[in-house]
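Residue numbers (this note's numbering): -16 to 310. Positions of the beta carbon are idealized from the N, C-alpha and C atoms, including for glycine. These numbers come from a predicted model, not from an experiment.
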Ligand code: UT7
């Protein structure tokens, strides 16, 4: 049995339609200046009607499989992280499996919001290290535009749609995914949620137009929790491996707010030129944000063989976590 677990391919996909801060100025009482200064976001992608998460996931998966050099039948497992499933039943992973023809794969969705990709990597690594699976496709895909209240300036300027993926496989070569760290705190669930539409408050003819069918967020509370948790996740994984910030070649953080990203980098004493940022182009794409950034960093040549990479995320739940990779 191979002792190591490596990412052998990455891929990403985003809808073509761009929604800029200038467009949002026409929709709600906001400004490009406010959005840029408070969040770092300049534009985000919005999926047109008819496109669903499994479509974006398929596009990202095909690029990932091409880079990894494997076909659909060689995928043993699909772990798809999303809070925006195509439908409540079945899992979006099943719908993706059919679109890919990945007929040999075990399939599951996981719900860990913006930390979903790191949770997925952690699960994939464990299945591979126990010898149960070989090639695992881990995908983060979100269409948060479908759960956004376009009249709420507190949230509608923040989110975007997209998908990012990785193939994770066993390897005899030392390195790869060295460690993962995942945590949660359900006592703070109320600070970031979609209150209606589940079994607690099913949508009915009487409440179907209520704003609680959309994302609700207590921004400043979530901000404080994110700074604390992402700082903790980044430092804990370094501490566990005896590394320091200066040993890290690139940090790829969840892209929710440039100020949270800067605070996380500061916590591990990492200069911003060793932090990957693409929030200005996509906004917050939740579970898709880290794999989209990872894929762009790989394809731009920002990551070289042997580089030490830290992934770090925080999201609704709350959930948070990190991964340490030697590329
Ligand atoms: O994905 C993982 C979880 N999500 C996050 O990590 C996001 C965490 N939160 C944040 O990133 C920030 O809290 C926001 C970007 C959402 C907001 O930034 P903030 O600095 O925390 O602003 P605020 O909510 O405290 O609002 C400051 C002011 C308020 O006006 P008053 O009360 O001071 O008069 C808001 O009403 O800015 C106002 N405001 C806006 N103004 C223009 C809120 N949203 C907007 C807006 N445009 N879009």
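The ligand UT7 heavy atoms versus the CB of residue i: any closer than 7 Å?
i           : result
residue 21  : yes
residue 67  : no
residue 173 : no
residue 263 : no
residue 267 : yes
residue 295 : no
residue 13  : yes
residue 132 : no
residue 27  : no
residue 236 : no
residue 136 : yes
residue 303 : no
residue 239 : yes
residue 141 : yes
If you follow the alpha helix (DSSP H) that residue i is in, where does it begin and where does it stop?
i           : result
residue 273 : 272 to 282
residue 144 : Here residue 144 belongs to no alpha helix (DSSP H); instead the beta strand (DSSP E) covers 144 to 154.
residue 250 : 241 to 250
residue 75  : 75 to 83
residue 257 : Here residue 257 belongs to no alpha helix (DSSP H), and DSSP marks it neither H nor E.
Give the DSSP-derived three-state secondary structure of residue i in the structure shown.
i           : result
residue 200 : strand
residue 55  : helix
residue 213 : helix
residue 303 : strand
residue 179 : coil
residue 125 : strand
residue 286 : coil
residue 65  : coil
residue 92  : strand
residue 226 : coil
residue 235 : strand
residue 269 : helix
residue 295 : strand
residue 14  : coil
residue 20  : helix
residue 120 : strand
residue -3  : coil
residue 47  : helix
Is the CB-CB distance between residue i and residue j below 8 Å?
i           : j           : result
residue 146 : residue 122 : yes
residue 55  : residue 84  : yes
residue 63  : residue 79  : yes
residue 253 : residue 214 : no
residue -10 : residue 165 : no
residue 34  : residue 266 : no
residue 276 : residue 261 : yes
residue 156 : residue 232 : no
residue 198 : residue 126 : no
residue 66  : residue 28  : no
residue 50  : residue 103 : no
residue 118 : residue 61  : no
residue 383 : residue 141 : Nothing in the structure corresponds to residue 383, since the chain is present only between -16 and 310.
residue 284 : residue 310 : no
residue 97  : residue 299 : yes
Residue i lies in the beta strand (DSSP E); which residues open and close that run?
i           : result
residue 166 : 159 to 167
residue 26  : 26 to 28
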